Amino acid sequence: RKTIKSELAPNQRDGKPFPVKPKTAIAWIAFAVMFCCIAMSAPIVHLVPLLTDSGISSEEAVTIFLCLMITGAFGRVIGGKLSDQIGALNSYFCMSVIQTMVIFTFPHLENIIIIYLVSMLFGLSFSAVMASFIVCVRMMVPARLLARGIAVVGMFGWFGMGLGGWQAGYVFDITGNYNWSFGLGSIAGLINLVILLGFYYKIKHLNK
Numbered sequence: 006r007k008t009i010k011s012e013l014a015p016n017q018r019d020g021k022p023f024p025v026k027p028k029t030a031i032a033w034i035a036f037a038v039m040f041c042c043i044a045m046s047a048p049i050v051h052l053v054p055l056l057t058d059s060g061i062s063s064e065e066a067v068t069i070f071l072c073l074m075i076t077g078a079f080g081r082v083i084g085g086k087l088s089d090q091i092g093a094l095n096s097y098f099c100m101s102v103i104q105t106m107v108i109f110t111f112p113h114l115e116n117i118i119i120i121y122l123v124s125m126l127f128g129l130s131f132s133a134v135m136a137s138f139i140v141c142v143r144m145m146v147p148a149r150l151l152a153r154g155i156a157v158v159g160m161f162g163w164f165g166m167g168l169g170g171w172q173a174g175y176v177f178d179i180t181g182n183y184n185w186s187f188g189l190g191s192i193a194g195l196i197n198l199v200i201l202l203g204f205y206y207k208i209k210h211l212n213k
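Our numbering puts the sequence shown at residues 6 to 213.
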């Protein structure tokens, strides 16, 4: 049985009801997440072969990836905390900026200490992004559509993960290196940021 509360749009941080229709909000976030996941999947799938192709031993490459994933666990907490502090959409955008910049740098790194640090920064940012966009759906969609909204956004995210991992490998096969593979990942990250900016200004316009 539907309740009155389940029909209401969630309130924003200023107490006003969220102005965008639920299905429209889901569509905006889903398309942004798809490109965001295209971006993040290049390092997740191809970082270890990138490092071994650069002359790093397979043992050290896997250790670097382990550090990336461990910091990712903390990134989930950071994403949630940042969403509480500045808002979920702002958190998603800020962490996406860091993620996009870091992805571009990976093929150009040589110093092993810098590689560790950048990998951990990526772990923090990509995981914080994943926490933030889930909170976005929670804060923008009423209870009656929440589960479906998260499912749709997750579906687009997994499609992006598969497509991004595939494109990075395909481009590597064509070019013989990972420069364009990770570069295209960064371009996907920029598209994600453009979508988020468009959504932000739509919300701002409707709030006037």
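Where a beta carbon is used, it is the ideal one built from N, C-alpha and C, also for glycine. Just so we're clear, the structure is a prediction, and the values are computed from it rather than from any experiment.
CA nearest to the CA of residue i, picked from the options
i    : options                  : result
M124 : H51, P24, L211 and A37   : The question names Met, but residue 124 is Ser in the sequence shown. Ranking the options by Cα distance to S124, first place goes to H51.
F161 : N116, I118, A37 and H113 : A37
L198 : W33, G85, P22 and F23    : W33
L55  : M74, G169, H113 and M45  : H113
L168 : L73, G84 and C41         : C41
A136 : I120, P48 and S88        : S88
A45  : P22, A156, I155 and F164 : In the sequence as presented, Ala is not what sits at residue 45; that position holds Met. For the residues P22, A156, I155 and F164, the minimum Cα distance to M45 belongs to F164.
Residue j beta carbon less than 7 Å from that of residue i
i    : j    : result
Q172 : S130 : no
I43  : A152 : no
A30  : V158 : no
V53  : F70  : yes
A78  : V140 : no
L211 : P24  : yes
F138 : S191 : no
G80  : G128 : yes
Coil, strand or helix - residue i by DSSP
i    : result
P22  : strand
V146 : coil
I61  : coil
G128 : helix
L211 : helix
L114 : coil
D174 : Checking the sequence shown, residue 174 turns out to be Gly, not Asp. Three-state result, G174: helix.
Y121 : helix
N182 : coil
S80  : In the sequence under discussion, the amino acid at residue 80 is Gly, which differs from the Ser named in the question. Looking at G80 - three-state DSSP - the assignment turns out to be helix.
G159 : helix
G194 : helix
L201 : helix
G165 : helix
G92  : coil
Cα-Cα separation between residue i and residue j, rounded to whole angstroms
i    : j    : result
A66  : T57  : 7 Å
D178 : F187 : 13 Å
M39  : I208 : 20 Å
P27  : M145 : 7 Å
V134 : G60  : 31 Å
N184 : K86  : 34 Å
V176 : A47  : 11 Å
I200 : S101 : 12 Å
S96  : K213 : 22 Å
V119 : R149 : The question names Val, yet the displayed sequence has Ile at residue 119. Approximately 46 Å, taken between the alpha carbons.
Y205 : S62  : 44 Å
E12  : P147 : Model confidence at E12 stands at a pLDDT of 49, short of 50, so the residue's coordinates are unreliable; what they give is reported in the following sentence. Approximately 6 Å between the Cα atoms of the pair.
V142 : L73  : 26 Å
S132 : T76  : 8 Å
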